[in-house]
Amino acid sequence: TTNVALVLARPLGQSPLQIAESIKTDLEADDELRAYLAKIEVAKPGYVNFYLQDSYYQKSLAQLQAQGVSMLRPKIGQGVKVNNEFISGNPTGPLHLGNGRGGFFGDALTRVLRFANFTVTNEYYVNDAGEQVLKLGHSIKKNAEAVYGGEYIEELHQKFAQIADVKEAGRAAAQDVLQNIIQPTVEHKMHIHFDNWFSEQSLYDDGLVDAALEVLAKNAKTFEEEGALWLRTTDYGDDKDRVLVKSDGQKTYFASDCGYLLSKIRRGFDVLVLTLGADHHGYTKRLEAAARALGFTGTLRINIVQLVRLVKDGKEVRMSKRAGNVVAIDELIDAVGHDVARFFFLMYSPNTHMNFDLGLAQERSQKNPVFYVQYAYARICSILAKAESQKSKIESQEIDLTLLTHEKELALMRELERFPELIEEASRSYAVHKFPHYAISLADTFHSFYDACRVIDEENIELTKARIMLVLAVKVVLGETLSLIGVSAPEKM
RNA sequence: GCGCUUGUAGCUCAGUGGAUAGAGCGCCGCCGUCCUAAGGCGGGCGUCGUAGGUUCGAUUCCUACCAAGCGCACCA
Numbered sequence: 006t007t008n009v010a011l012v013l014a015r016p017l018g019q020s021p022l023q024i025a026e027s028i029k030t031d032l033e034a035d036d037e038l039r040a041y042l043a044k045i046e047v048a049k050p051g052y053v054n055f056y057l058q059d060s061y062y063q064k065s066l067a068q069l070q071a072q073g074v075s076m077l078r079p080k081i082g083q084g085v086k087v088n089n090e091f092i093s094g095n096p097t098g099p100l101h102l103g104n105g106r107g108g109f110f111g112d113a114l115t116r117v118l119r120f121a122n123f124t125v126t127n128e129y130y131v132n133d134a135g136e137q138v139l140k141l142g143h144s145i146k147k148n149a150e151a152v153y154g155g156e157y158i159e160e161l162h163q164k165f166a167q168i169a170d171v172k173e174a175g176r177a178a179a180q181d182v183l184q185n186i187i188q189p190t191v192e193h194k195m196h197i198h199f200d201n202w203f204s205e206q207s208l209y210d211d212g213l214v215d216a217a218l219e220v221l222a223k224n225a226k227t228f229e230e231e232g233a234l235w236l237r238t239t240d241y242g243d244d245k246d247r248v249l250v251k252s253d254g255q256k257t258y259f260a261s262d263c264g265y266l267l268s269k270i271r272r273g274f275d276v277l278v279l280t281l282g283a284d285h286h287g288y289t290k291r292l293e294a295a296a297r298a299l300g301f302t303g304t305l306r307i308n309i310v311q312l313v314r315l316v317k318d319g320k321e322v323r324m325s326k327r328a329g330n331v332v333a334i335d336e337l338i339d340a341v342g343h344d345v346a347r348f349f350f351l352m353y354s355p356n357t358h359m360n361f362d363l364g365l366a367q368e369r370s371q372k373n374p375v376f377y378v379q380y381a382y383a384r385i386c387s388i389l390a391k392a393e394s395q396k397s398k399i400e401s402q403e404i405d406l407t408l409l410t411h412e413k414e415l416a417l418m419r420e421l422e423r424f425p426e427l428i429e430e431a432s433r434s435y436a437v438h439k440f441p442h443y444a445i446s447l448a449d450t451f452h453s454f455y456d457a458c459r460v461i462d463e464e465n466i467e468l469t470k471a472r473i474m475l476v477l478a479v480k481v482v483l484g485e486t487l488s489l490i491g492v493s494a495p496e497k498m
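Counting in our numbering, the first sequence runs from 6 upward without gaps.
Take a look at the structure:
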């Protein structure tokens with residue numbers, strides 16, 4: 006359908022219906038279109054509705070069968086290098102639910118972009134250089150300046166409290182947290198692979214922070230005031246200018262960020278993607294400012310993921326034995342399972358302030374639509390397995406797809422047709438939450454088809470063959486959709 | 001005080017400058033010789049937070065207000 010006639014009414018000074026009619030007349034005269042269109046209709050205020058012929062969908066299905074999933078992959082990412090940085094939780098304790106949500110989002114985004122032929126590097130920024138390492142040191146030494154608590158601090162206390170220097174103790178502990186808590190959680194619990202664990206300390210070791218300060222000074226974006234060095238971020242819409250080097254000569258965390266941005270720029274990325282928790286949204290302006298001041302001319306996309314509120318019996322839960330004052334993502338995954346946790350987080354648009362009811366976590370997991378989707382996939386596999394066992398009867402070269410004219414078959418083919426445009430749209434808008442919704446919708450259409458149309462019918466071998474081809478196509482697309490969001494596609498349930 | 005985000009069905013959430021605003025869950029009823037009933041079919045009278053504005057048309061854009069979350073360091 007198109008509303009173009011409504012939009013054109015004013016500039017053309019004609020009535021929408023008049024314009025719609027003339028569009029209809031023109032298009033109906035087009036021989037090429039006539040091959041695909043069953044009819045064109047003008048509706049009430051001025052819509053033009055197009056009806057595709059069944060043969061269009063049948064051809065499309067045959068094409069998918071012949072070319073496989075690669076035909077669904079848009080070219081829009083060809084030759085574009087993307088750096089996708091996400092989670093980047095401090096190495097001072099377990100990852101919390103907000104990290105989890107951002108993690109699943111970033112990972113799914115990478116999967117979608119890669120499917121659309123972008124070249125993506127997944128990166129985790131490890132804040133192993135700053136003040137928080139010192140805070141961790143104090144915490145494991147349990148002295149007056151301790152800030153972190155929880156079971157893991159006990160363990161770190163046992164291991165590293167004897168190290169005399171606080172900073173050294175903090176470094177050792179941070180390394181331990183990264184290797185024994187964060188990385189296992191990310192890789193084994195969340196099923197996320199990072200190409201790069203980028204160390205903040207390495208920026209100093211490699212001179213990138215100083216290099217960034219030089220570039221910024223050269224671009225005349227810095228100034229000195231009250232003994233400190235500032236970046237004029239207000240030139241780029243920030244509320245206030247930001248300090249790079251404090252009056253005591255210490256570089257700020259923001260200086261590290263500038264070094265990190267310079268590293269990404271020098272590595273030649275066309276697109277820089279960052280996903281931040283909503284508690285860091287105040288940084289977006291200064292990061293954008295820094296990137297531009299450093300001379301970055303590519304695309305910078307900062308995604309803000311709203312925090313997750315954990316609720317139990319209608320009240321917010323904050324305490325966790327494991328992590329101290331937050332609930333750890335690995336605990337949640339242990340409680341509901343990876344697929345459920347992932348699907349649940351990914352279903353919601355990043356700017357939804359979502360509530361996760363822990364009290365209903367188990368129950369919710371039983372009712373989670375992920376099972377509905379996976380069940381559709383398992384059903385497909387079951388049908389195909391049975392078909393395989395009767396291969397001799399249904400095997401043949403000629404498959405007549407024009408037999409697929411049932412209302413439910415056409416509905417299913419139309420649903421499949423949505424997938425390619427969804428990829429394109431999502432790789433532009435980063436709206437990855439559309440995929441869980443699509444998966445539900447496709448599963449829904451399939452279940453309905455399944456109920457109405459028996460696939461394997463020994464009385465009607467020709468129809469059986471055509472339907473198997475349709476079912477195969479659904480398997481490919483549904484399987485790909487699940488793979489894009491990182492949820493498993495089980496052959497049996 | 002300023003800024004960002006959010007306010008849509010009982011609950012959790014999609015959605016759109018346009019045609020009767022959708023899904024899941026919950027609730028009610030029906031469907032079993034047959035490829036997995038973790039399924040299907042039917043049942044929704046919603047002030048799209050409130051009030052204005054722009055528009056032929058606003059739930060969608062703008063302004064104000066109300067409510068919620070999060071920010072506003074020479075912290076990280």
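We put the CB at the ideal spot given by N, CA and C, even for glycine. In this text the structure is predicted, and so the values were computed from the model without any measurement.
Spatial neighbours of residue i within its chain, please: C-beta separation below 7 Å, excluding the five flanking residues on both sides.
i    : result
T357 : Q311
L468 : L408 and D462
L17  : I24
T115 : N89, V125 and N127
V171 : L139, G142, H143 and K146
G82  : L118, A121, N122, F123 and S432
H198 : N127 and E192
Just tell me which of the options has its CA closest to the CA of residue i.
i    : options                   : result
L475 : D456, I445 and L417       : L417
D449 : D210, E426 and R419       : R419
I385 : M195, L477, L292 and D275 : L477
T97  : H143, A71, L213 and E231  : H143
G84  : D244, L299, E136 and T124 : T124
Y443 : A216, A149 and P374       : P374
A283 : A113, F91 and A471        : F91
K223 : D211, L236 and E231       : L236
Taking DSSP as the reference, what is the three-state secondary structure of residue i?
i    : result
T486 : helix
F348 : helix
L312 : coil
S20  : coil
L249 : strand
L236 : strand
Y382 : helix
T227 : strand
T124 : strand
Y241 : helix
K146 : helix
Y353 : coil
K470 : helix
D362 : strand
E321 : strand
K497 : coil
Y153 : coil
A169 : coil
When the distance is taken between beta carbons, is residue j closer than 8 Å to residue i?
i    : j    : result
H286 : I270 : no
L305 : I187 : no
K226 : D240 : yes
P189 : N122 : no
Y56  : K44  : yes
V481 : L66  : no
N8   : Y61  : no
V313 : M359 : yes
F361 : L315 : yes
A381 : F440 : no
V492 : D344 : yes
E205 : N148 : no
L234 : L213 : no
L421 : A471 : no
T257 : R291 : no
Can you give me the Cβ contacts of residue i inside the same chain, cut-off strictly under 6 Å, excluding the 5 residues immediately before and after it?
i    : result
S354 : H438
G94  : L100 and N104
F350 : R106 and F109
F301 : I270
E26  : V47
C263 : A217 and A295
Excluding five sequence neighbours on each side, which residues of the same chain lie with their C-beta closer than 8 Å to the C-beta of residue i?
i    : result
A296 : L266, I270, L277 and L305
Hey, would you say the C-beta of residue i is under 7 Å away from at least one heavy atom of the ligand NAD?
i    : result
N185 : With respect to the ligand NAD, the structure offers nothing, as it holds no ligand at all.
In chain order, what are the residue ranges of uninterrupted beta strand (DSSP E) at least 3 long that sit wholly in the region 37-117?
42-48, 52-57 and 86-90
Please give the ranges of any alpha helix (DSSP H) in the region 402-440, keeping only runs that are unbroken, at least 4 residues long and fully inside the region.
412-434
Which full runs of the alpha helix (DSSP H) of 4+ residues lie inside the region 278-306, going along the chain?
289-298
Could you tell me which whole alpha helix (DSSP H) segments of length 4 or greater appear in the region 171-210?
171-182 and 205-210
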